[in-house]
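J.: At position 115 of the sequence shown the residue is numbered 124 (this note's numbering), and the sequence of numbers has no breaks. All C-beta atoms, glycine included, are put in the ideal place defined by N, C-alpha and C.
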Amino acid sequence: MPSELHLDINALSIVASILVDTSNARLYKSMVETGKATSVFQYPMTDYAPGLLMIGAIVKNAPIEPVQVALVDAIEKFSVTLPTAEEMDRVKRSNANEYESLLNDPQQIGVVLSGTIGLGDWRLLFLGRDQLAKVMSAEVVSAAGRYFKRDNRTVGIFQPDDQPQHADVPNAPALADVLKDYQPQQGMAQGEVFEPSQANIDART
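1) Can you list, in chain order, the residues of its chain whose CB lies under 7 Å from that of valine 187, leaving out five sequence neighbours each side?
2) Do you know how far the Cα of isoleucine 166 is from the Cα of aspartate 139?
3) Please state if the CB of valine 24 and the CB of tyrosine 37 are separated by a distance shorter than 8 Å.
4) Along the chain, which unbroken stretches of the beta strand (DSSP E) at least 3 residues long are found entirely within the stretch 36 to 121?
5) Grab the span of the alpha helix (DSSP H) containing glycine 129 for me, first residue to last.
6) Answer yes if the stretch 96 to 109 comes into contact with the stretch 77 to 87, meaning at least three C-beta pairs across the two stretches below 8 Å, and no otherwise.
7) On the premise that threonine 47 lies in contact with isoleucine 64, defined as a C-beta separation below 8 Å, what is that separation, rounded to the nearest angstrom?
8) Quick one: what's got a C-beta closer than 8 Å to serine 39's C-beta in the same chain, skipping five residues either side?
9) Could you check where the alpha helix (DSSP H) with leucine 28 kicks off and where it finishes?
10) Suppose you measure from the CA of alanine 198 to the CA of glycine 129; what does that come to, to the nearest Å?
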């Protein structure tokens, strides 16, 4: 996945939503509704630097390999045909609703704005909203074809052990107990007592 600042990030976000985000999504229909998997998910891990997009399926009491093959196939063949107008409209409506909900939640808007400030400018939140609304289906297919290819992905399987041997991690001790016997080995020198009067400041500058 490219940087959050790159224009392709908007088209790829729509690809991920079409594949996963609702009960009408492609992977939900092909895997969850058919009983191959219990759920599907997507999680973008992007920031100022290029990152990745995690797309997965949770399988219980069913073979894993067929799901893996179908998952990869759906992702890598996304660019073969244009998304339908219905798919594009559904994702854009969902994005618009999410932004509206975000802007009405003081706590969440503060968290999200801190992230865009970290990227360089708080206005990126609103730029992203406006750019997402303008993405065309041809741009979505183009981005999918350039990023969702075999040599740009990793496939992994997490299979829990039936009898896991957990590490025994102790709870954090009380801070008072940690510091009760601590004595600094090196003292700090006393600083100068400085009178912050204008005359004293002028004399020092």
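T.: Well, looking at it:
1) none
2) 37 Å
3) no
4) 48 to 54 and 61 to 67
5) It is not in any alpha helix (DSSP H) - glycine 129 carries neither H nor E in the DSSP assignment.
6) no
7) Not quite, the Cβ-Cβ distance comes to about 16 Å (not below 8 Å), so this is no contact.
8) Lys45, Ala79 and Ala83
9) 17 to 29
10) 40 Å
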